[in-house]
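> Following the working numbering from start to finish, the sequence shown increments by one per residue and tops out at 216.
Even for Gly, the Cβ is constructed at its ideal location relative to N, Cα and C.
Note that the coordinates shown come from a computational prediction; the quantities given were computed from them, not determined experimentally.
Just passing along the structure, written as structure tokens.
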Amino acid sequence: MAGVIYDASRIKAYAVLEQLCECAGEKESMRDLLWQEFLGDEELYEEFVYYAQHHTIQGKMKVAGYTLLDLFVQEMDSFNLTHDTGKNTAFCNKEDMVLRAFLTMAGLKREPEKYKERFDRGFGMDRI
């Protein structure tokens, strides 16, 4: 067994994803979907690893002019709008917001025009 190098980084990343999903109250299906996205996209995976290690969004990855941080802020704005708070309170589920930002980034990479159009439209009070 001499010379065998074992890298447990993916196991650690998966464990963090499990914990985040549990804290966010998300189901296993969300965890599995995100994990598949991470495995299929090295750049997105690196963003997640950075988040897992530093508990902050790196924002290095940019797609159609949007960073992961932009998408997280959009999640916060959406929460504030739907809960009519006008501000980011302790009540909001930031773990869920960051997971949704990662999922949105994966979708944005696959279909940039569709997502960019949705972002440019804004929230709109009469849209759901």
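Smallest Cα separation from Gln141: which of Leu196, Lys197, Arg98?
Counting from one through the sequence shown, the residue named residue 141 turns up at place 53. Answer by Cα proximity: Arg98.
> Compare the C-alpha of Glu110 against each of Glu199, Met193, Leu127, Asp184 and name the closest.
Within the sequence shown, the letter at position 22 stands for residue 110. Ranking Glu199, Met193, Leu127, Asp184 by Cα distance to Glu110 puts Asp184 first.
> In this structure, what does DSSP give as the bridge partners for Thr192?
Taking the sequence shown and counting its residues from 1, the one referred to as residue 192 is at position 104. Paired residue(s): none; Thr192 is not in a bridge.
> Short check: CB of Leu196 to CB of Leu108, under 8 Å?
The residue given as residue 196 occupies position 108 in the sequence shown. The residue given as residue 108 occupies position 20 in the sequence shown. No, these two residues do not count as a Cβ contact at 8 Å.
> Looking at Thr192 and Leu159, is the spacing between their C-beta atoms short of 8 Å?
Locating residue 159 in the sequence shown gives position 71, counting from the first residue. Locating residue 192 in the sequence shown gives position 104, counting from the first residue. The answer is yes: Cβ separation under 8 Å.
> Helix, strand or coil for Val104 per DSSP?
The sequence position of residue 104 within the sequence shown is 16, counting from 1. In this structure, Val104 counts as helix in the three-state DSSP scheme.
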